[in-house]
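Data block below; observations after.
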(Lines of atoms letter the chains of each structure in order from A and count residues from 1; the text may use other names and numbers.)
(Lines give C-alpha, C1' and ligand atoms only; values in the text may rest on other atoms or scores of the structure.)
Protein backbone atom coordinates (compact mmCIF):
# COMPACT_ATOMS: atom_id res chain seq x y z
CA UNK A 1 0.00 0.00 0.00
CA UNK A 2 1.31 3.43 -1.00
CA UNK A 3 1.15 5.89 1.92
CA UNK A 4 0.86 9.59 1.06
CA UNK A 5 1.39 12.25 3.70
CA UNK A 6 -0.62 15.45 3.50
CA UNK A 7 0.75 18.35 5.50
CA UNK A 8 0.81 22.15 5.68
CA UNK A 9 0.79 25.02 8.14
CA UNK A 10 -2.22 26.27 10.09
CA UNK A 11 -4.92 27.67 7.79
CA UNK A 12 -3.34 26.29 4.61
CA UNK A 13 -6.51 24.28 3.96
CA UNK A 14 -5.40 20.66 4.38
CA UNK A 15 -9.02 19.61 4.97
CA UNK A 16 -10.16 21.23 1.70
CA UNK A 17 -7.45 19.27 -0.15
CA UNK A 18 -8.27 16.06 1.74
CA UNK A 19 -11.92 16.39 0.70
CA UNK A 20 -10.95 16.69 -2.98
CA UNK A 21 -8.95 13.45 -2.67
CA UNK A 22 -11.90 11.86 -0.86
CA UNK A 23 -14.09 12.75 -3.85
CA UNK A 24 -11.66 10.66 -5.94
CA UNK A 25 -12.37 7.68 -3.61
CA UNK A 26 -9.05 7.90 -1.80
CA UNK A 27 -9.33 6.96 1.90
CA UNK A 28 -8.24 9.78 4.21
CA UNK A 29 -6.92 9.41 7.74
CA UNK A 30 -6.95 12.65 9.77
CA UNK A 31 -4.28 12.20 12.47
CA UNK A 32 -5.48 15.17 14.59
CA UNK A 33 -9.06 13.85 14.72
CA UNK A 34 -7.82 10.41 15.73
CA UNK A 35 -5.57 11.90 18.42
CA UNK A 36 -8.55 13.82 19.86
CA UNK A 37 -10.69 10.69 19.81
CA UNK A 38 -8.01 8.66 21.60
CA UNK A 39 -7.48 11.39 24.22
CA UNK A 40 -11.22 11.27 24.93
CA UNK A 41 -11.66 7.48 24.88
CA UNK A 42 -8.42 5.65 25.72
CA UNK A 43 -8.10 4.78 29.42
CA UNK A 44 -4.32 4.40 29.09
CA UNK A 45 -3.95 7.87 27.54
CA UNK A 46 -6.29 9.39 30.14
CA UNK A 47 -4.23 7.91 32.94
CA UNK A 48 -0.94 9.10 31.44
CA UNK A 49 -2.21 12.62 30.67
CA UNK A 50 -3.58 12.94 34.20
CA UNK A 51 -0.18 11.90 35.57
CA UNK A 52 1.50 14.50 33.32
CA UNK A 53 -0.87 17.47 33.70
CA UNK A 54 -2.50 16.77 37.07
CA UNK A 55 -6.00 15.83 38.19
CA UNK A 56 -7.53 18.80 36.30
CA UNK A 57 -6.45 17.32 32.93
CA UNK A 58 -10.02 15.96 32.63
CA UNK A 59 -13.16 17.64 33.95
CA UNK A 60 -16.33 15.51 34.06
CA UNK A 61 -14.52 12.94 31.91
CA UNK A 62 -13.84 15.54 29.18
CA UNK A 63 -10.37 16.76 28.24
CA UNK A 64 -9.59 20.14 29.81
CA UNK A 65 -8.34 21.73 26.58
CA UNK A 66 -7.71 25.26 27.95
CA UNK A 67 -5.48 23.84 30.72
CA UNK A 68 -3.48 21.67 28.32
CA UNK A 69 -3.19 24.47 25.77
CA UNK A 70 -1.83 26.92 28.37
CA UNK A 71 0.71 24.41 29.73
CA UNK A 72 1.90 23.39 26.25
CA UNK A 73 2.08 27.00 25.08
CA UNK A 74 4.21 28.04 28.05
CA UNK A 75 6.44 24.97 28.26
CA UNK A 76 7.51 23.00 25.17
CA UNK A 77 8.65 20.10 27.40
CA UNK A 78 4.97 19.38 28.14
CA UNK A 79 4.24 19.21 24.41
CA UNK A 80 7.11 16.77 23.88
CA UNK A 81 5.89 14.52 26.71
CA UNK A 82 2.27 14.66 25.54
CA UNK A 83 3.30 13.75 21.97
CA UNK A 84 5.30 10.80 23.34
CA UNK A 85 2.07 9.51 24.92
CA UNK A 86 -0.28 10.10 21.97
CA UNK A 87 1.75 9.66 18.77
CA UNK A 88 2.61 5.95 19.21
CA UNK A 89 -1.09 5.19 19.82
CA UNK A 90 -2.14 7.11 16.70
CA UNK A 91 0.60 5.37 14.68
CA UNK A 92 -0.56 1.89 15.69
CA UNK A 93 -4.21 2.82 15.00
CA UNK A 94 -3.20 4.12 11.55
CA UNK A 95 -1.39 0.85 10.80
CA UNK A 96 -4.53 -1.15 11.60
CA UNK A 97 -6.65 1.28 9.54
CA UNK A 98 -4.35 0.91 6.49
CA UNK A 99 -4.70 -2.89 6.60
CA UNK A 100 -8.47 -2.53 6.13
CA UNK A 101 -8.24 -0.27 3.04
CA UNK A 102 -8.57 -1.62 -0.50
CA UNK A 103 -7.56 1.42 -2.57
CA UNK A 104 -4.28 1.79 -4.46
CA UNK A 105 -3.08 4.41 -2.00
CA UNK A 106 -4.19 6.17 1.17
CA UNK A 107 -3.60 9.65 2.55
CA UNK A 108 -2.65 10.48 6.11
CA UNK A 109 -3.23 14.12 6.95
CA UNK A 110 -0.75 15.17 9.65
CA UNK A 111 0.28 18.72 10.53
CA UNK A 112 3.79 17.88 11.72
CA UNK A 113 5.46 15.31 9.49
CA UNK A 114 8.73 17.18 8.97
CA UNK A 115 8.92 18.63 12.48
CA UNK A 116 9.07 15.08 13.89
CA UNK A 117 11.30 13.73 11.12
CA UNK A 118 8.64 11.24 10.00
CA UNK A 119 9.28 11.59 6.25
CA UNK A 120 10.48 7.98 6.00
CA UNK A 121 6.96 6.77 6.92
CA UNK A 122 5.57 8.03 3.58
CA UNK A 123 6.06 7.16 -0.09
CA UNK A 124 5.04 10.68 -1.10
CA UNK A 125 4.44 13.90 0.81
CA UNK A 126 2.11 16.67 -0.35
CA UNK A 127 2.49 20.09 1.27
CA UNK A 128 -0.41 22.53 1.10
CA UNK A 129 0.46 26.23 1.05
CA UNK A 130 -1.67 29.37 0.84
CA UNK A 131 -1.35 33.14 0.88
CA UNK A 132 -0.67 34.37 4.44
CA UNK A 133 -3.74 36.65 4.55
CA UNK A 134 -5.95 33.79 3.34
CA UNK A 135 -4.52 31.50 6.04
CA UNK A 136 -5.08 34.04 8.81
CA UNK A 137 -8.67 34.81 7.76
CA UNK A 138 -9.48 31.07 7.53
CA UNK A 139 -8.28 30.44 11.08
CA UNK A 140 -10.03 33.53 12.48
CA UNK A 141 -13.28 32.27 10.91
CA UNK A 142 -12.75 28.68 12.09
CA UNK A 143 -11.32 29.14 15.61
CA UNK A 144 -12.41 32.71 16.44
CA UNK A 145 -8.75 33.38 17.34
CA UNK A 146 -7.07 36.77 17.29
CA UNK A 147 -4.78 37.72 14.39
CA UNK A 148 -1.77 38.08 16.71
CA UNK A 149 -2.30 34.60 18.22
CA UNK A 150 -2.44 33.02 14.75
CA UNK A 151 0.67 34.93 13.65
CA UNK A 152 2.52 33.58 16.72
CA UNK A 153 1.48 30.00 15.84
CA UNK A 154 2.65 30.49 12.22
CA UNK A 155 6.00 31.89 13.40
CA UNK A 156 6.49 28.81 15.60
CA UNK A 157 5.78 26.40 12.73
CA UNK A 158 8.30 25.27 10.12
CA UNK A 159 8.26 27.66 7.15
CA UNK A 160 6.56 26.75 3.88
CA UNK A 161 9.92 27.15 2.11
CA UNK A 162 11.49 24.43 4.28
CA UNK A 163 8.49 22.11 3.82
CA UNK A 164 8.47 22.62 0.03
CA UNK A 165 12.13 21.50 -0.20
CA UNK A 166 11.24 18.21 1.50
CA UNK A 167 7.99 17.54 -0.40
CA UNK A 168 7.22 15.53 -3.53
CA UNK A 169 4.20 17.67 -4.42
CA UNK A 170 3.02 21.17 -3.48
CA UNK A 171 -0.56 22.45 -3.70
CA UNK A 172 -1.21 26.19 -3.65
CA UNK A 173 -4.64 26.46 -2.07
CA UNK A 174 -5.87 30.00 -2.77
CA UNK A 175 -8.57 29.22 -5.33
CA UNK A 176 -10.89 26.19 -5.03
CA UNK A 177 -11.16 25.33 -8.74
CA UNK A 178 -7.40 25.61 -9.12
CA UNK A 179 -6.83 23.50 -6.00
CA UNK A 180 -9.10 20.76 -7.35
CA UNK A 181 -7.16 20.70 -10.64
CA UNK A 182 -3.87 20.37 -8.74
CA UNK A 183 -5.32 17.47 -6.72
CA UNK A 184 -6.41 15.66 -9.91
CA UNK A 185 -2.91 16.06 -11.45
CA UNK A 186 -1.21 14.71 -8.31
CA UNK A 187 -3.69 11.84 -8.12
CA UNK A 188 -2.86 10.90 -11.71
CA UNK A 189 0.91 11.13 -11.01
CA UNK A 190 0.60 8.80 -8.01
CA UNK A 191 -1.49 6.30 -10.01
CA UNK A 192 1.11 6.40 -12.80
CA UNK A 193 3.85 5.66 -10.26
CA UNK A 194 1.86 2.72 -8.83
CA UNK A 195 1.31 1.34 -12.36
CA UNK A 196 5.08 1.48 -13.00
CA UNK A 197 5.74 -0.39 -9.75
CA UNK A 198 3.30 -3.11 -10.77
CA UNK A 199 4.95 -3.51 -14.17
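In our numbering, the protein residues as written are 1162 to 1360. All C-beta atoms in this analysis are idealised placements derived from N, C-alpha and C, irrespective of residue type, glycine included. On a predicted model such as this, the values are computed, not experimentally measured, just so you know.
Exposure of residue i, with buried meaning 16 or more beta-carbon neighbours within 10 Å
i: residue 1270; result: buried
i: residue 1262; result: exposed
i: residue 1334; result: buried
i: residue 1324; result: buried
i: residue 1196; result: buried
Rounded straight-line distance, which links the Cα of residue j to that of residue i
i: residue 1231; j: residue 1265; result: 41 Å
i: residue 1303; j: residue 1179; result: 17 Å
i: residue 1315; j: residue 1170; result: 7 Å
i: residue 1280; j: residue 1331; result: 15 Å
i: residue 1184; j: residue 1162; result: 19 Å
i: residue 1349; j: residue 1210; result: 42 Å
i: residue 1256; j: residue 1245; result: 17 Å
i: residue 1248; j: residue 1340; result: 30 Å
i: residue 1326; j: residue 1218; result: 38 Å
i: residue 1288; j: residue 1176; result: 12 Å
i: residue 1201; j: residue 1356; result: 41 Å
i: residue 1292; j: residue 1298; result: 10 Å
i: residue 1359; j: residue 1351; result: 13 Å
i: residue 1194; j: residue 1227; result: 18 Å
i: residue 1308; j: residue 1317; result: 14 Å
i: residue 1260; j: residue 1353; result: 22 Å
i: residue 1342; j: residue 1278; result: 29 Å
i: residue 1216; j: residue 1254; result: 27 Å
i: residue 1235; j: residue 1282; result: 30 Å
Distance CB(residue i)-CB(residue j) smaller than 8 Å
i: residue 1192; j: residue 1267; result: no
i: residue 1290; j: residue 1321; result: yes
i: residue 1214; j: residue 1199; result: no
i: residue 1276; j: residue 1319; result: yes
i: residue 1103; j: residue 1329; result: Here the chain comprises residues numbered 1162 to 1360, so residue 1103 is not present and cannot be evaluated.
i: residue 1233; j: residue 1240; result: yes
Minimum C-alpha distance to residue i - residue among the options
i: residue 1221; options: 1305, 1207, 1239; result: 1207
i: residue 1295; options: 1274, 1174, 1330, 1162; result: 1174
i: residue 1168; options: 1190, 1162, 1184; result: 1190
i: residue 1258; options: 1188, 1205, 1238; result: 1188
Contacting residues, own chain, Cβ-Cβ under 7 Å from residue i (five flanking each side not counted)
i: residue 1300; result: 1171, 1172, 1306, 1311
i: residue 1284; result: 1163, 1164, 1165
i: residue 1203; result: 1250
i: residue 1338; result: none
Chain C within 8 Å of residue i, Cβ atoms only
i: residue 1287; result: You won't find chain C in this structure, because it holds only one protein chain.
Cutoff 8 Å; reference residue i; Cβ partners in own chain excluding five residues on either side
i: residue 1344; result: 1178, 1181, 1182, 1185, 1332
i: residue 1336; result: none
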